[in-house]
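For reference, the structure is listed below as structure tokens.
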Amino acid sequence: MSDGQRAIDKLRDVIYQCNRCAHCFDLSWLGDYNKCPAYRFGVFESYTGRGRFFLARALVDGKTDYTAEIAQRVFACTECRACAEHCFKYISTTDVYAAMKEDLAARDLLPPRLAAGLADAGGLGEYHNVYQGSQEDRLAWLPDRSRVDKKAEVVFFVGCTSAYARQNMALDLYALLEQAGIDFTIMSDEWCCGHPYLAGGQMGKARASIQHTLDAVEKLGAKQLVFNCPGCQRAFRDDWTELTGQAAPFEAVHVIELLAERLKQGEIAMKRFRPKTMITYHDPCVLGRWMGIYDAPRELIKAIPGANLVEMPRNRRDAYCCGAGGMIRYDFEAMANLAGADRIAEAEATGAEMILSACPACVMQLQQSRQRAKSRLKVMDITQLLASQLQPLRAKR
Amino acid sequence: MSSLIEELAAICGAEYVSDKMVDRLCHTRDAGPTPGGVPAVVVRPRTTAQVSEIVRAANRHATPIFVWGRSTTFIGHGIQTGCILLALDLMSQIVRMDFDNHAVTVETGAIWHAVDIELAKRGWELAVPGSGGMFVCTVGGSVAYNSVPHGLAGYGMTGDNVIALEVVLPNGDVIYTGSAGNRAAGGLAFERYANGPDIAGLFIGSCGVFGVITQVTYRIRRKPDAERFAFYAFDSSDVALDAAQALQRRQVPTHMVGLFGGPKPTGLTGEAFLHIVVRDTPAGADERVSAAHAICAGYNGVRQDEAATERYWVHHMYSWLRNTPPEVYYSDRPYTCPEAAAFMPTQNVKDALRYLKNYEVEHAAEFAQHGIRIKCYDVYFSRNAAFLWIDTLFPELDAAAWQYGLKMRADYSEHLFSQFASPGGILAPLAPHIMPKLGSGFDFLRVLKAQLDPNGILNPGVLLLGKGEAK
Ligand SMILES: Cc1cc2nc3c(=O)[nH]c(=O)nc-3n(C[C@H](O)[C@H](O)[C@H](O)COP(=O)(O)OP(=O)(O)OC[C@H]3O[C@@H](n4cnc5c(N)ncnc54)[C@H](O)[C@@H]3O)c2cc1C
Ligand code: SF4
Ligand code: SF4
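Just so you know, the protein sequences line up as chains V and D, in that order. If you count the first sequence from 1, position 280 lands on 279 in numbering that gives the first Met the number 0, and the numbers rise without skipping. If you count the second sequence from 1, position 359 lands on 358 in numbering that gives the first Met the number 0, and the numbers rise without skipping.
Laid out in structure tokens, this is it:
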């Protein structure tokens, strides 16, 4: 956005569609459940979808200008899209929040920790990952480097969380892809997917980050990127197209989509899980509400003999955010903790012994929440469970 | 103001009080077309005692309060600049489910449908499913506004099923109505008409001008065993209304909606339509729906696929009245809807429709110029009468169209309220069109307001009662 122009002004007609009906913050058809973690945390309506639309309307009507207070509200949002999914007028609410974030970033009104985390010096711009690990350490988890930068049709895009914070997930997915007989490569010069920049309203930097991967993939001649992180997947599957109007020159798929397809084709099967275990599944917001992938993880869990899937009251499109999204942990740690605690309590109440998800950020968040709550629940990524359950039936394509 | 805010923070805790612009801007209007002022402070109490203290503080500081449930009315709240915005949504607990006495007691901010779902888990339901806003509106707000619910014909108005209220008066005192008023007997809420006058009635439909409802005890029933549906098209509105009246006479419908304007149900011909919902024992429901078929056939009604009626009833989405999925119906409009709605005798709906259709013809040029659409002239039938919704849609982005829409609402209201019609819930924009017409009835309400609320603290301007602009 060039000087003086505001992204929000382009959305005036969208903002005027909101009729202030309040369908965006409760889940009354499930009973006394709320759907917006920001409202649950912030108590005031300015944290809700309707509140953000009140603020957006005041902005486009010239009744207020961007302030640090508005920034506090806009960034206290996990971008879970529960409001968009349930908007009475079918408004893509998050487009409006994204425009506000872009404007706030252009005015240096990012919350302080997020600003530091994304900074060029000492932040994402310098390290190309949100954990400020060195680029050399990105592949430190690898057992050997035989697959690094080799020509292959499939790239395993590791992602920052698996590379730096949950390396066991990287290892498990690596093993899983091998078991499934997929010929894949790993990029030595992988960068952050760009998703955190989007959460910070920094569209130009997000583009540059995504472009870096596009160039690297082109060099390897790959046709498909496989992810265990829905945020990374979305950056290439959807965000790139939204930012540039062009599709990425490869297919971006979550590994569970691949595996569910192979299960359907009879190419893989699952070993019996002992002892019989009740498992609940947490839909990652990006995988579910943003990308519409609800069935694949459930099909895989249900295919494991001995694993009994039990749903939480808030599931699929009604799923409650665990608090990992929107980079809120930087500046709104209490909100992230509250959402995580609520989700763990909801999972526990189902009687499940294990909660699975399909996103390293969700899993990390749920693991931390489980620890704080001293819960007996086991928290795992679905890929971790599958790594021990998968049984290839046929040689791979 | 700063000392008031300090007092409010001392009452509720600082984290439940905000004078930040970012919070105040979110409480300026309801879902209607008329913007209000910006409050000076937003306060979110969690207990009745806190509400009472807030009201006392407001009196001390001569600063009016505006009461906010979920703010989902479609009229215009009339929020005054500089007021205390009393947001009640944190008082949302179910206090007691009393199956012996067929009653549920909830805090005011409980969401209507959320309460119903909790009851449904035990095989019970609220005595009315709620208005179309049931998924979002609060119990206290719906009682204060006396919303027109689904199930109107069989179950009555929202207010009809109130058993008892806990109310904070404009001076901060807390009262209990009906049997709950007898504190010596434990204050058990099970009968509305105990202990003398029907005090609850004063607060039902008065939109917060006489007191803040903090708890509601509401009738519940076991879920009926059977639901049946019927859907008929008629050649003219007049005939459909005659059929509707015959159905009312036989007490056939639990809920009945007539469609007399706006888009026709997808794929159907006919001039007017009736959706009929019957809830009863299986035998009773069969008998009543057979009667519906016989009566409608007697008026040359053409039977339609009642799946549309069932979908509407199950999902409580108006789109299904017109056989259209919600995502198609609701998703295409930067439009707002300035509702005008009123009760009238069933036969007078014919006159109202003639007036409305004439209005469309006479103002065709302005309608075209401003992009006005008629969303509906729909009727919810009560046991004996009709409640007509006049929903026009106009593009709010266009200031001229928006002004014109407000003028239309004023025209409709003036005309209908001068003839045979009376509104249900009255908020600030409707009040000038009805209150002066009430004559000595309005004087009586003024006396009550002056006695109960001499400082004009609660919702001033709503119902044209209380003082003007806040200082
Ligand atoms: C999709 C949709 C469909 C709707 N369909 C219908 C319908 O079919 N029929 C119908 O009648 N309405 C309908 N409405 C309007 C609205 O939902 C209801 O009338 C509802 O009852 C208002 O509840 P609320 O909690 O939002 O009250 P609010 O809008 O917050 O309050 C209404 C009035 O009561 C006052 N008030 C609120 N709480 C209290 C309290 N505790 N004590 C004293 N005063 C209080 C307020 O100051 C205001 O004057 C619909 C709304 C939506 C969004
Ligand atoms: S995206 Fe999620 S956290 Fe943000 S406002 Fe919507 S529901 Fe709330
Ligand atoms: S649900 Fe949609 S239309 Fe309703 S208040 Fe929320 S954003 Fe606005």
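For each residue, glycine too, the CB sits at the ideal point set by N, CA and C.
Ligand 3 heavy atoms versus the CB of residue i: any closer than 7 Å?
i      : result
V:T93  : no
V:N33  : no
V:R19  : yes
V:I90  : yes
D:G131 : no
D:H274 : no
V:G48  : yes
D:C336 : no
D:F443 : no
V:C86  : yes
V:F52  : yes
V:H22  : yes
V:C79  : no
Beta carbon of residue i: closer than 7 Å to some heavy atom of ligand 2?
i      : result
V:R328 : no
V:P296 : no
V:P110 : no
D:E326 : no
V:C361 : no
V:C82  : yes
Span of the beta strand (DSSP E) holding residue i?
i      : result
D:H432 : Careful: D:H432 lies outside any beta strand (DSSP E), inside the alpha helix (DSSP H) at A430 to I433.
D:H475 : Any property of residue 475 of chain D remains undetermined from this structure, which presents chain D solely from 0 to 470.
D:T104 : A102 to E106
V:D380 : K377 to D380
D:S70  : From DSSP, D:S70 is part of no beta strand (DSSP E); its letter is neither H nor E.
D:H254 : H254 to L258
With a threshold of 7 Å, establish whether the CB of residue i neighbours any heavy atom of ligand 1.
i      : result
D:V114 : no
V:H194 : no
D:S70  : yes
D:T107 : yes
Tell me the residue span of the alpha helix (DSSP H) that contains residue i.
i      : result
V:V111 : First, the amino acid is wrong: residue 111 of chain V is Pro here, not Val. First-last of the alpha helix (DSSP H) with V:P111: P111 to L117.
V:P195 : H194 to A198
V:P391 : Unbroken run through V:P391 is the beta strand (DSSP E), L389 to P391; no alpha helix (DSSP H).
D:S2   : S1 to C11
D:H314 : A306 to H314
V:N167 : Q166 to Q178
V:S208 : M202 to L219
V:M363 : P359 to A372
key: Every unbroken alpha helix (DSSP H) within the region 340-384 of chain D, with a cutoff of 4 residues, ordered by chain   = 348-361 and 363-369
Proximal residues, the region 7-38 of chain D versus chain V, C-beta separation under 8 Å = E14, Y15, S17, K19, M20, V21, D22, L24, C25, H26, T27, R28, D29 and A30
request  = With a floor of 4 residues, list each alpha helix (DSSP H) that falls wholly inside the region 177-246 of chain D, ordered by position along the chain.
outcome  = 199-202
message = Taking beta-carbon pairs under 7 Å, can you tell me which members of the region 111-137 of chain D lie near chain V?
response = H112, A113, I116, E117, F134 and V135
message = Ignoring anything shorter than 4 residues, give me the alpha helix (DSSP H) runs that lie fully in the region 232-295 of chain V, in order along the chain.
response = 239-243 and 254-263
Segments of 4+ residues assigned as alpha helix (DSSP H) that fall wholly inside the region 72-138 of chain V = 81-84, 92-105, 111-117 and 123-126
ask   = For the 8 Å Cβ check, are there 3 or more pairs between the region 172-192 of chain D and the region 78-85 of chain D?
value = no
query = What residues from the region 50-62 of chain V come within 8 Å of chain D, judged by C-beta to C-beta, listed N to C?
reply = G50, F53, L54, A57 and K62
task = Indicate whether the contact test is met: 3 or more Cβ pairs, each with one atom in the region 276-285 of chain D and one in the region 112-128 of chain D, closer than 8 Å.
result = no
ask   = Counting Cβ pairs, one atom from each stretch, are 3 or more of them under 8 Å apart for the region 158-166 of chain D and the region 205-218 of chain D?
value = yes
query = Would you say the region 18-36 of chain V touches the region 46-55 of chain V, given that touching needs at least three Cβ pairs under 8 Å?
reply = yes
message = In chain order, what are the residue ranges of uninterrupted beta strand (DSSP E) at least 3 long that sit wholly in the region 13-54 of chain D?
response = 40-42
query = Are three or more beta carbon pairs between the region 58-69 of chain V and the region 337-353 of chain V nearer than 8 Å?
reply = no
message = Check whether the region 60-69 of chain D and the region 416-436 of chain D touch, using three or more Cβ-Cβ pairs below 8 Å as the test.
response = no
query = In the region 16-40 of chain V, which residues sit with their C-beta less than 7 Å from some C-beta in chain D, listed in chain order?
reply = Q16, N18, R19, C20, A21, H22, D25, S27, W28, L29, G30 and D31
query = So does the region 97-107 of chain D actually touch the region 295-314 of chain D, counting three or more Cβ pairs closer than 8 Å?
reply = no
query = Closer than 7 Å, Cβ to any Cβ of chain D: which residues of the region 83-105 of chain V, in chain order?
reply = F87, K88 and Y89
query = Okay, do the region 411-419 of chain D and the region 134-141 of chain D touch, 3+ Cβ pairs below 8 Å being the bar?
reply = no
task = Would you be able to state if there are at least three C-beta pairs under 8 Å between the region 70-88 of chain V and the region 32-42 of chain V?
result = yes
task = Indicate whether the contact test is met: 3 or more Cβ pairs, each with one atom in the region 167-179 of chain V and one in the region 378-394 of chain V, closer than 8 Å.
result = yes
query = Between the region 362-370 of chain V and the region 152-159 of chain V, do at least 3 Cβ pairs fall closer than 8 Å?
reply = no
ask   = If contact means a Cβ-Cβ distance below 7 Å, which residues of the region 376-410 of chain D contact chain V?
value = E395 and L396
task = Starting from the N-terminal side, write out each stretch of the alpha helix (DSSP H) that is 4 residues or longer and does not extend beyond the region 306-350 of chain V.
result = 332-348
ask   = Looking at C-beta atoms only, is the number of pairs between the region 227-238 of chain V and the region 283-300 of chain V that lie closer than 8 Å three or more?
value = yes
inquiry  = Can you confirm whether the region 26-37 of chain D touches the region 68-76 of chain D when touching is taken to mean that 3 or more C-beta pairs between the two stretches lie within less than 8 Å?
reply    = yes
query = So does the region 3-20 of chain V actually touch the region 84-94 of chain D, counting three or more Cβ pairs closer than 8 Å?
reply = no
Segments assigned beta strand (DSSP E), at least 3 residues, entirely inside the region 116-157 of chain D = 123-125
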